[in-house]
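Take the sequence shown: its letter number 14 is residue 14 in the UniProt record's numbering, and every next letter is one higher.
Have a look at the structure below, then the notes.
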Amino acid sequence: MASSDDEGSVRSCIEVAVLAEDLTSACTADCTPERCDNAVVRPHEPPSLERGTPGQFDPLDVPHREATIRDLPESPMRLFQRYIPYEMAESWAKWTNEAPAPGPVQR
Numbered sequence: 001m002a003s004s005d006d007e008g009s010v011r012s013c014i015e016v017a018v019l020a021e022d023l024t025s026a027c028t029a030d031c032t033p034e035r036c037d038n039a040v041v042r043p044h045e046p047p048s049l050e051r052g053t054p055g056q057f058d059p060l061d062v063p064h065r066e067a068t069i070r071d072l073p074e075s076p077m078r079l080f081q082r083y084i085p086y087e088m089a090e091s092w093a094k095w096t097n098e099a100p101a102p103g104p105v106q107r
């Protein structure tokens, strides 16, 4: 893995901010954190050794929480930047600028 100072370096992780109110509604006495940041929880159930019939599905009981509607960012560019990392957009621009210019096909 290259250092973060290199231009060609790759980040090994994505940091996710978890709000405390989201975590308290997701974590119950029946769940345990999967990772150190407590972003993923799973039930305290041992894996089943029995095979189910095709089409059988036992859904996970997810606790209900009220939906929240948040305001949009102040500009379309901010909305784009919320979901696309800066490094990814920069690599797209770099690849586009390095691509050969279209022109007549030589025979």
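All C-beta atoms, glycine included, are put in the ideal place defined by N, C-alpha and C.
CB-CB length for residue i against residue j, believed under 8 Å
i	j	result
residue 79	residue 85	With a Cβ gap of about 14 Å, residue 79 and residue 85 do not count as contacting.
Straight-line Cα distance separating residue j from residue i
i	j	result
residue 53	residue 59	15 Å
residue 83	residue 77	10 Å
residue 69	residue 95	36 Å
residue 61	residue 55	18 Å
residue 89	residue 100	19 Å
residue 102	residue 64	54 Å
residue 93	residue 106	27 Å
residue 126	residue 66	Lying outside 1 to 107, the shown extent of the chain, residue 126 is not represented and no answer is given.
residue 97	residue 49	54 Å
residue 71	residue 81	15 Å
residue 57	residue 104	56 Å
Where residue i falls: helix, strand or coil (DSSP)
i	result
residue 91	helix
residue 50	coil
residue 57	coil
residue 81	helix
residue 96	helix
residue 63	coil
residue 102	coil
residue 73	coil
residue 45	coil
Spatial neighbours of residue i in its chain, beta-carbon cut-off 7 Å, leaving aside the 5 residues before and after
i	result
residue 87	none
Same chain, Cβ closer than 6 Å to residue i, five either side skipped, listed in chain order
i	result
residue 75	none
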